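Student: Chains as they are written, first to last, in my numbering: chain A, 6 to 244; chain B, 6 to 244. Sharing a structure with you now.
2 protein chains.
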Amino acid sequence: MISVALKKLRRRIEISTEEERVIRASIVEVRCIAADEIAVRAGQPLHSSLLLLDGWLARCKDLSSGERQVTQLHVAGDFADLHGFTLKRLDHDLAAISECRLAVVPHEALRDITDRFPRLARVLWFSTNVDAAIQRELTLSLGQRSAISRMAHLFCELYMRLEVVGKTSRDGYDFPLTQRELSECLGLTVVHANRTLQELRRRGLIELENRRLTILDRRGLGGIAEFDPSYLYIDHQQL
Amino acid sequence: MISVALKKLRRRIEISTEEERVIRASIVEVRCIAADEIAVRAGQPLHSSLLLLDGWLARCKDLSSGERQVTQLHVAGDFADLHGFTLKRLDHDLAAISECRLAVVPHEALRDITDRFPRLARVLWFSTNVDAAIQRELTLSLGQRSAISRMAHLFCELYMRLEVVGKTSRDGYDFPLTQRELSECLGLTVVHANRTLQELRRRGLIELENRRLTILDRRGLGGIAEFDPSYLYIDHQQL
DNA sequence: ACGGGTCTGTAACTTAGGTTATCCGCAAAA
DNA sequence: TTTTGCGGATAACCTAAGTTACAGACCCGT
């Protein structure tokens with residue numbers, strides 16, 4: 006169901022019933038892809054964008070040496086490659102971390118929305134700008150935070166983003182990444198990602214087993230992360 | 006003159022004379038600010054956006070410990086806080102690296118453009134998405150590239166971006182950053198930024214003195230950077 | 001002309017995180 | 001029921017980058 010995406014939008018901005026109708030009408034197809042499949046390959050000419058209804062996607066940039074950086078994680082409700090509407094090709098792969106359900110929105114439909122529903126155009130633009138803000142926060146993490154602070158920060162951010170779409174329980178959430186994938190998000194080696202995870206466990210802040218993350222001490226976790234969620238722009242905006 | 010911004014846009018997308026007129030009309034004022042002034046402070050409610058006509062700006066995010074990460078550098082022609090139009094406040098400071106001339110565009114004017122000139126709205130949206138792509142490339146640098154490769158990459162990127170607006174000579178460009186500021190862009194300490202700079206000099210790739218960067222071996226510099234400019238989306242798009 | 005500040009350059013030493021190599025447990029093939 | 005392969009854990013060792021300290025160059029203000 007597409008309602009997860011509307012839920013996400015509505016946590017930030019009001020969406021009228023007509024706008025909701027327009028969004029729903031823009032979807033021509035719902036596709037499923039398996040874990041580890043590439044949903045969109047870097048450089049490929051694009052004619053539609055993908056609204057992630059369920060599962061996790063990662064934006065991956067690779068170096069020739071094989072090192073990989075995940076520049077953004079996407080969860081249910083995210084319009085994963087909306088930036089592809091104006092860019093027409095991506096500078097990164099969009100890879101499925103888990104099995105995913107994706108709503109396909111043709112660029113023609115988006116173009117039509119921008120022509121006829123300027124407010125909705127601003128809402129979509131806003132949404133790509135929030136993605137960019139999340140990106141900036143990651144840049145700050147990679148540039149200045151220590152490994153443990155980085156990892157704590159990621160766990161805090163995901164808690165908030167998943168909470169918005171009702172994908173958290175009181176003390177945690179399903180976390181489908183392997184340690185290798187986690188390390189690729191944080192700019193660490195797998196070995197050090199593991200060490201860092203152990204340290205967070207040792208300090209009694211989190212538990213992670215069977216692809217389930219339990220946050221034992223959210224205050225403490227936010228503390229080492231210096232987590233301040235204002236960059237997520239979760240509050241009602243005027244557009 | 007605002008023509009530097011139009012030059013930048015036109016390297017990527019066609020802009021009609023009417024669109025040019027609309028852009029020019031949206032500017033209500035041109036302001037100058039001194040080096041090290043903060044043009045926009047994080048969190049501050051925004052009612053206009055700034056088009057950088059001349060000088061250099063940096064998007065800065067700080068940690069409580071005083072560590073600073075520059076998440077993006079802006080040069081002449083960049084619409085530095087266009088994302089503020091939809092976000093309404095920034096998650097970072099916008100600081101002047103050098104003296105700057107800034108064209109002020111009220112959000113009302115931008116709103117009017119999005120209402121009445123949907124194609125121009127897409128052009129502006131595109132421009133924030135290119136900024137995000139540059140951001141992603143920096144994330145890749147910080148996460149995976151070595152210090153020397155990171156620095157080489159930055160120098161290559163800036164060469165291309167400055168070339169678009171005619172701010173390069175054949176073999177280099179004016180580079181107003183101190184080594185401290187450079188280190189804040191690259192997620193390094195000043196000391197290590199200096200070491201890395203020495204190494205680039207020693208290898209005969211660049212020269213840097215009196216705030217002027219000379220690239221002695223562009224091929225070689227691009228080589229250690231693994232520089233591929235496709236993420237800058239410098240080619241004509243269809244919008 | 002002098003004192004203070006900022007920028008650059010280096011040296012000596014430390015450390016966070018990278019590298020390489022095993023080992024264990026488990027689930028899916030076969 | 002083995003086998004194979006992946007994910008996780010951990011140990012020993014290594015290195016790129018951080019830290020601290022200091023010195024020279026060049027401002028700029030008085």
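Glycine is no exception: its CB is placed at the ideal position from the N, C-alpha and C atoms. Bear in mind that the values here come from a model prediction, so they are computed numbers and not experimental data.
(1) Please confirm whether residue 127(A) has its beta-carbon closer than 7 Å to some beta-carbon of chain B.
(2) Give me the chain A residues within the contact set of residue 204(B), using Cβ-Cβ distance strictly less than 9 Å, ordered along the chain.
(3) Would you kindly report the start and end of the unbroken alpha helix (DSSP H) that includes residue 28(A)?
(4) Taking a cut of 7 Å between CB atoms, which residues from the segment 178-199 of chain A lie near chain B?
(5) Give the single residue among 241(A), 213(A) and 14(A) whose Cα lies nearest to the Cα of residue 84(A).
(6) Against chain B, which members of the segment 212-238 of chain A pass a CB distance test of less than 8 Å?
(7) To the nearest angstrom, how far is the alpha carbon of residue 175(B) from that of residue 201(B)?
(8) What residue from 99(A), 116(A) and 69(A) has the CA that sits closest to residue 52(A)'s CA?
(9) Which term fits residue 97(A), buried or exposed, when burial requires 16 or more other beta carbons within 10 angstroms of its beta carbon?
(10) In this structure, how does DSSP classify residue 259(B) when only helix, strand and coil are distinguished?
(11) Assuming the contact rule is C-beta atoms closer than 8 Å, residue 3(B) and residue 78(B) should be a hit. Round their C-beta distance to whole Å, please.
(12) Which one or two residues does DSSP pair with residue 98(A) in a beta bridge?
(13) Flag residue 93(A) as yes if its beta-carbon sits less than 7 Å from any beta-carbon of chain B, otherwise no.
(14) Determine the direct distance from the alpha carbon of residue 134(B) to that of residue 48(A), and round the result to whole angstroms.
(15) Could you list the residues in the segment 133-150 of chain B with a C-beta less than 8 Å from some C-beta on chain A, going in chain order?
(16) Helix, strand or coil for residue 18(B) per DSSP?
(17) What residues match up with residue 36(B) in a beta bridge as DSSP calls it?
(18) I'd like to know if residue 123(A) contacts chain B, where contact means its C-beta is closer than 7 Å to some C-beta of that chain.
(19) With the cut-off set at 7 Å, would you say residue 226(A) and residue 157(A) are in Cβ contact?
(20) With a 10 Å radius around its C-beta and 16 neighbouring C-beta atoms as the bar for buried, classify residue 126(A) as buried or exposed.
(21) Can you confirm whether residue 84(B), when its beta carbon is compared against all beta carbons of chain A, has any partner nearer than 7 Å?
(22) Along the alpha helix (DSSP H) that carries residue 228(B), what are the first and last residues, could you check?
(23) Give me the chain A residues within the contact set of residue 96(B), using Cβ-Cβ distance strictly less than 7 Å, ordered along the chain.
(24) Is residue 113(A) close to chain B? Criterion is C-beta to C-beta, closer than 7 Å.
(25) Please decide whether residue 240(A) counts as near chain B, where near means a Cβ-Cβ distance under 7 Å.
(26) Check the Cβ of residue 119(B) against every Cβ in chain A and list those closer than 9 Å, keeping chain order.
(27) So within the segment 120-179 of chain B, which uninterrupted beta strand (DSSP E) runs reach at least 3 residues, ignoring any that extend past its ends?
(28) Under 7 Å Cβ to Cβ from residue 247(B), same chain only, skipping five residues before and after it: list those, please.
(29) Counting only beta-carbon separations shorter than 7 Å, does residue 72(B) have a partner in chain A?
(30) So the candidates are 191(B), 241(B), 237(B) and 215(B); which of them puts its Cα closest to the Cα of residue 73(B)?
(31) How far does the alpha helix (DSSP H) with residue 198(B) in it reach, from first residue to last?
(32) For residue 219(B), which three-state DSSP category applies?
(33) Check residue 214(A) in the structure and name its three-state DSSP category.
(34) Closer than 9 Å, Cβ to any Cβ of chain A: which residues of the segment 48-73 of chain B, in chain order?
(35) Just the Cα atoms here: how many angstroms apart are residue 234(B) and residue 20(B)?
(36) Does chain B have any CB closer than 7 Å to the CB of residue 76(A)?
Tutor: Walking through what the data contain:
(1) yes
(2) Chain A residues near residue 204(B): none, gap ~19 Å exceeds 9 Å.
(3) 22-31
(4) 192
(5) 14(A)
(6) 231, 235, 236 and 238
(7) 24 Å
(8) 116(A)
(9) buried
(10) The displayed coordinates of chain B run from 6 to 244. Any statement about residue 259(B) would go beyond what the structure contains.
(11) Missing from the structure shown is residue 3(B); chain B here goes from 6 to 244 and no further.
(12) 65(A)
(13) yes
(14) 15 Å
(15) 133, 134, 135, 136, 137, 138, 140, 141, 142, 143, 144, 145, 147, 148, 149 and 150
(16) coil
(17) 107(B)
(18) yes
(19) yes
(20) buried
(21) no
(22) 223-230
(23) 138, 141, 235 and 236
(24) no
(25) no
(26) 119, 123, 124, 126, 127 and 130
(27) 177-179
(28) No answer is possible for residue 247(B): it lies beyond the span of chain B, which begins at 6 and ends at 244.
(29) yes
(30) 191(B)
(31) 195-207
(32) strand
(33) strand
(34) 48, 64, 66, 67, 68, 69, 70, 72 and 73
(35) 23 Å
(36) yes
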